[in-house]
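Numbering (our numbering), first residue to last: 4 to 255. Backbone N, C-alpha and C define an ideal beta-carbon position, used for all residues, glycine too. Values in this document were obtained by computation on a predicted structure and should not be read as measured data.
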């Protein structure tokens, strides 16, 4: 089988997790180009991944290398423009979550993908996790009756990058971390959100309070789905004790 050739866009932590899987773990995929605005990062990533070329700008990669698809691990605030450029170039797309910074951007991205008839996937891996798949099956088989309450915990270790701290560019913790919780909850209960209420604060990062007054590291969300199921989400980053992802589903 001919390998699917990928261009990695954004060689940071998340991007490199995906790229290493494409290059070393999946038999019919390979990384042929790397794009990162930091030339040294791009060069080092290309060397590790045995990519043919590295570039500073995505347009350079489109002009200078043949590939079938892109893996977007770049910051959220460039997702929309990158997805639209990739779709218009006829490239299939894997994009890290969250999808975009605004609903308007998300709508533009969807239009570009549909207009160009390219494949698109967002990085919500819980839909493929064996434990979540088992929970989905149990719910669909009616083993817990009708779901009534869902509680989800999403916490991540380590200080976030500086761009993340500007909530106008990232939407903060609820988007960058808890988008997994929002997605997996609506997938499991089979309904969309009707009411959402969130509160948040900065308890752990006083060094950001002056430069980024809207930054928050801890959040609590209460919500109701259109099918009447109630939900709770709690999020934190940085979580001192490490990564934590848990969910409880109560039924009748």
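Endpoints, alpha helix (DSSP H) assigned at residue i
i: residue 235; result: No alpha helix (DSSP H) contains residue 235, which is instead part of the beta strand (DSSP E) from 233-239.
i: residue 54; result: Note, residue 54: premise wrong, no alpha helix (DSSP H); not H, not E.
i: residue 30; result: Element bounds for residue 30: n/a, residue is neither H nor E.
i: residue 147; result: Neither: residue 147 is in no alpha helix (DSSP H) and is coded neither H nor E.
i: residue 177; result: 176-179
i: residue 162; result: No alpha helix (DSSP H) holds residue 162; DSSP gives it neither H nor E.
i: residue 170; result: 170-173
i: residue 138; result: 133-143
Residues bridged to residue i [DSSP beta-bridge criterion]
i: residue 251; result: 154
i: residue 74; result: 11, 97
i: residue 38; result: 12, 58
Cβ-Cβ separation, residue j to residue i (assumed contact under 8 Å), whole Å
i: residue 12; j: residue 85; result: 6 Å
i: residue 216; j: residue 162; result: No, residue 216 and residue 162 are not in contact; Cβ-Cβ is about 18 Å, not under 8 Å.
i: residue 14; j: residue 44; result: 5 Å
C-beta atoms of residue i and residue j nearer than 8 Å
i: residue 123; j: residue 129; result: no
i: residue 96; j: residue 75; result: yes
i: residue 155; j: residue 187; result: yes
i: residue 228; j: residue 192; result: yes
i: residue 9; j: residue 32; result: yes
i: residue 236; j: residue 157; result: yes
i: residue 113; j: residue 83; result: no
i: residue 100; j: residue 125; result: yes
i: residue 245; j: residue 180; result: no
i: residue 54; j: residue 73; result: no
i: residue 69; j: residue 57; result: no
i: residue 222; j: residue 253; result: no
i: residue 160; j: residue 232; result: no
i: residue 34; j: residue 22; result: yes
i: residue 92; j: residue 65; result: yes
i: residue 153; j: residue 250; result: yes
i: residue 189; j: residue 79; result: no
i: residue 127; j: residue 168; result: no
i: residue 37; j: residue 61; result: no
Opening and closing residue of the beta strand (DSSP E) in which residue i lies
i: residue 12; result: 7-12
Beta carbon proximity, residue i to chain B, threshold 8 Å
i: residue 80; result: Of the protein chains in the structure, only one exists, and it is not chain B.
Next on the checklist: List, from N- to C-terminal side, the beta strand (DSSP E) runs of 3 residues or more that fit wholly inside the region 83-131.
Outcome noted: Here the runs fully enclosed are 95-98, 123-125.
Item to check | Unbroken stretches of the alpha helix (DSSP H), 4 residues or longer, contained in the region 189-239 | outcome: Runs of the alpha helix (DSSP H) inside the region 189-239: none found.
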